[in-house]
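Residue numbers (the UniProt record's numbering): 1 to 1192.
Single-structure report; data block below.
Rendered as structure tokens:
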């Protein structure tokens, strides 16, 4: 209770205040609240006083009269020890150090002791496991006791007892020593979604009852652990919510029981499912590039808001003046991981503000739109001319012009003003006048100082800060009429003693339509005017003859012209005395005469005095009939028809009558189409060509316009009209990297010039380049990222790509798969659906307006773990590639093989040609020797007659080892030991063994063997091979080289020379004669015709049987296997036939399968399957012979 009483009249009021700090100074009013009472007598009652009530209290008394009074009272509170809580629990694992603390508050000094079960004081001196420490705090003391290596016996109640001068208090600390449970097992995910994972696990054996709760810990990779507690076992599953989509998480679970926590379970790795992006792209910006382009840039959304792998972005834009609120979206593929994404918006309206938004999308769908940004395209020149152009003549020298501005969406900027172009459109003004310009910011302009009564061409354009806009089409206005100027000239001449002839030229500036001429005449005598007269003449009349004049009197004349406005100025005054003498004088006027091409010109030479006229062109006298296009009339007029450039020049008329002479010159100027201008190129960009030109010949007429013609190569021709004042033009809107053909044509009123030289000009830019694979390709395990923004465009923007791929690894060769034939340019493109550790072939085409470029790449996808494939796999994959897939390797191989074949063929032909020449020479030298050998050899053969129609084989090549001949029953072989009826024999013609080993291509038969009596046929195997040459095997041999004549192939040996070497110089065509229907086969004739074909041994050595064990060797052929006949005899080969002639054994060929007599067909039976070639060696005399025996 704090008392404060004061007295005064009126009764003072008491106000209590408390200092805000620990010292008196600033006070705040004490208000009544719980445990604070303000009594009616002014006392302050404080209940349940604590330390926060300490401080200085101010009692103020005031009754409104005078200055109030106050008194300061200091209140000090004494506190006994106390604790924030009465008890607490401390749990510690067995073997750990138990640490028990207590915070005691109160007035110091405070004494703290620790008691076990309220009785036994803990003393470090008596128990080494106990340590006690105390620390002073601002409000009291912090006491701590530690018991090391605790066990279950240390569990129990511990009291922290504190005391001071004002009292005591204690706090119970319950110590519990426990052992932790075992960690749970079989942690797995039951379900996984984008933000929720359902986990389940199993407890360990007997620990289920000891577990009080489970702690599920989870975290993102490289982040801090988070946890949730499950405090209601025996539930062994839980749902983890509020996870991030498309995020890798690590989960583990800890069991906690009375004894503490278990160690963590085995970690479980889970990636949540993706969701649509939750955030828009960042840092969206837009800036204008030109009047029709805006460059939009952005950054990917925040990583935690992507919720999946970014697939691309949708960029939307719309004009702020559009009536619709919908955006025009453009999709761009690419994740933007490599930095800022960009998109160039083109074909926009000029000087227009656009609202632009962006949104990201992943494999699930698009995310939210970004906040819109605005950008305005740059200013440009107006795209339309001013509208509603009107003009009105104000006077004969002024015109008022008015117009309306272009529509707002065509101004393309802030209009700075207007330009009015005007020029006189009359013919004489065009040749000399230049277009004049007036600038104004208003919508009207007053044009003054114009030519009177003249037609004016007026054009108006609007301009901005970027330049002049489109000029309007010409509008034409005519100034008003006015009084004309004076006639250009006047002449007077004596036409008779009493008459004068006056002529004049119209005014140079008539300033209107001439309505009449006013001719003034007066007679004077010195300074005295005798009389005057005025005559009104018609507008087309330019001469007058005054008659009945007084003789020897001076007359003066002058002329003026009149329009509907009034009479104009007068010409100069001319005077003339009348006279009896009339000299020759020309009253016509000369000067410049302009006429168009292919028209006619009339040159007047009107004269008085009946003179003689002569016309000259330059210094050349013109005579009637000498010029095909010039006519000289009796009136003195000269007419030139079909005017050409060559007719341009000075034409002079000369008159003479003996009294006087006069000359008049006409300057004739023929107007023709202009000459071609000289066109040249100053510069070229990727979309424009700057052209300049020089005007050639104008054709004596002012240029009225130019026509610029241009076209892209193989494109359509386009034409552009240009002003006659233009000397250059910037041709815009062209294709990049394209060649254009440009030429210029000039025009005047006569016609058009021929075209200028056609220029082939190429705009800058080339077809796309080819990037290296390290820049373009970034493979992953199941996809490959193509960095399309790294493809060089060579100055021309790429329009689209064509993308194909196929696998080329072992066992996976596949056809090309077309991904897209119109892939838009983008920063990145991901080709997915690939196999890990697989080699792929990528074929790409990049197209721009300048052309296209093809490129092929080979790459390997990574392994499943994201590592490069093993080197041995890469090497094996490269070896497996088929070489003919590489066109760069295939073409040189084909060229090399072709060249080799040609060289070999050429060498063979040359060699064969040389050998044939050598053979012809050797044949002629050996002809006589051959005849002698044949005669000697005939002695060894029993001759038989050859019947008519029989044929002989002509070459040894045509006699097959298996050839059989059908002999007639009447035929016999003249052998000494044979007599009686003839038998049908099967003969096999074989070659000598030595002949094959000598290297001869086609040796002659070695022997004639008797054939089996039962075989009715002679088998024939035809061959077309030819032997190049034969060699001599013995020095004493007199055989010659091969020749075309088969007679030169005969052998010359006697019957006792059986062991001599067998040679043959030429292959013989086989002709089979005989068969079941032959008429009288004569073996003697056969042997006589072919003397060298059959070789006879001694009589005792021959045999008519074919030994089944005999050895046989095949007939060697050039270019064939020794056993070629084993296959050849089974083919349906048609033999070649030759007709027999008495003079020569060489016959001309007949049709296949037709005998010489055209009656008996030749039968070539296939050898039966039981006839197998058996090789055997037999000795006939001293000669080894090979033969064929049937295998029966």
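All residues carry an ideal CB built from backbone N, CA and C; glycine is no exception.
Legend entry - Distance CB(residue 570)-CB(residue 560) smaller than 8 Å: yes
Legend entry - For residue 1029, three-class secondary structure by DSSP: With a pLDDT of only 40 at residue 1029, under the threshold of 50, the placement of this residue in the model should not be trusted; the figure read from the coordinates follows. DSSP places residue 1029 in coil when its eight states are reduced to three.
Inset, instruction - Examine the Cβ distances between the region 782-789 and the region 826-836 and report whether three or more of them are shorter than 8 Å. - result: yes
Legend entry - residue 573 vs residue 501 beta-carbon contact at 8 Å: no
Legend entry - Within 8 Å, strictly: CB atoms of residue 382 and residue 410: yes
Legend entry - Spatial neighbours of residue 12 in its chain, beta-carbon cut-off 7 Å, leaving aside the 5 residues before and after: 6, 61, 62 and 63
Inset, instruction - Per DSSP, which residues does residue 705 bridge with? Please list them. - result: 723 and 747
Inset, instruction - Using the DSSP secondary-structure output, state which residues sit across from residue 457 in a beta bridge. - result: 423 and 476
Inset, instruction - Rank 210, 351, 199 and 159 by C-alpha distance to the C-alpha of residue 181 and give the top, closest one. - result: 210
Inset, instruction - Would you list the one or two residues that DSSP bridges to residue 638? - result: 603 and 632
Legend entry - Own chain residues within Cβ distance below 7 Å of residue 468, not counting five before or after: 381, 419 and 461
Legend entry - For residue 348 and residue 599, the rounded distance between their alpha carbons: 55 Å
Legend entry - Neighbourhood of residue 457 by C-beta distance below 7 Å, restricted to the same chain and skipping five residues each side: 422, 423, 425, 474 and 476
Legend entry - residue 390: first and last residue of the uninterrupted beta strand (DSSP E) it sits in: 387-393
Inset, instruction - Would you mind stating whether residue 805 and residue 843 have Cβ atoms separated by less than 8 Å? - result: yes
Inset, instruction - On a CA-only basis, which of 97, 95, 266 and 112 is nearest residue 1227? Give me that one, please. - result: There is no way to answer for residue 1227, as the model of the chain reaches only from 1 to 1192.
Legend entry - beta strand (DSSP E) runs contained entirely in the region 647-672, provided each spans 3 or more residues: 649-656 and 661-671
Inset, instruction - Output the distance between the C-alpha atoms of residue 1102 and residue 899, rounded to the nearest integer angstrom. - result: The predicted position of residue 1102 is uncertain, since its pLDDT is 38 and thus under 50; a value taken from the coordinates is nonetheless stated next. Each residue's Cα considered, the two are about 56 Å apart.
Legend entry - Per-residue DSSP class, three states only, for residue 23: coil
Legend entry - the region 443-455 / the region 397-404 touching (three or more Cβ pairs under 8 Å): yes
Legend entry - residue 10 classed as buried or exposed, judged by whether at least 16 other C-beta atoms fall within 10 angstroms: exposed
Inset, instruction - Note down, one range per segment and in chain order, each alpha helix (DSSP H) of at least 4 residues found wholly within the region 147-184. - result: none
Legend entry - Contact check, residue 591 vs residue 716, beta carbons under 8 Å: no
Legend entry - DSSP three-state assignment for residue 409, whether helix, strand or coil: helix
Inset, instruction - From the DSSP output, in three-state form, read off residue 1178 for me. - result: Confidence at residue 1178 is low in this model, with a pLDDT of 37, below 50, so the placement of that residue is unreliable and no value is reported for it.
Inset, instruction - Please report how far the alpha carbon of residue 16 lies from the alpha carbon of residue 48, in whole angstroms. - result: 19 Å
Legend entry - alpha helix (DSSP H) runs contained entirely in the region 284-318, provided each spans 4 or more residues: 303-306
Legend entry - DSSP-derived helix/strand/coil call for residue 1116: In this prediction, residue 1116 scores a pLDDT of 40, lower than 50, which makes its location untrustworthy; no coordinate-derived value is stated.
Legend entry - Sheet register partners of residue 13 (DSSP bridge): 62
Legend entry - Alpha-carbon to alpha-carbon, residue 228 and residue 287: 50 Å
Legend entry - the region 314-322 touching the region 353-365, judged by at least three CB pairs closer than 8 Å: yes
Inset, instruction - Return the Cβ separation of residue 215 and residue 254 in integer angstroms, given the expectation that the two are a contact with Cβ distance under 8 Å. - result: 4 Å
Legend entry - Three-state class that DSSP yields for residue 774 in the structure shown: helix
Inset, instruction - Report yes or no: do the region 699-706 and the region 744-761 share at least 3 C-beta pairs separated by less than 8 Å? - result: yes
Legend entry - DSSP bridge partner residues for residue 488 (one or two, in chain order): According to DSSP, which records beta bridges pairwise, residue 488 is partnered with nothing at all.
Inset, instruction - Have a look at the DSSP bridge pairing and note the partners of residue 69. - result: 61
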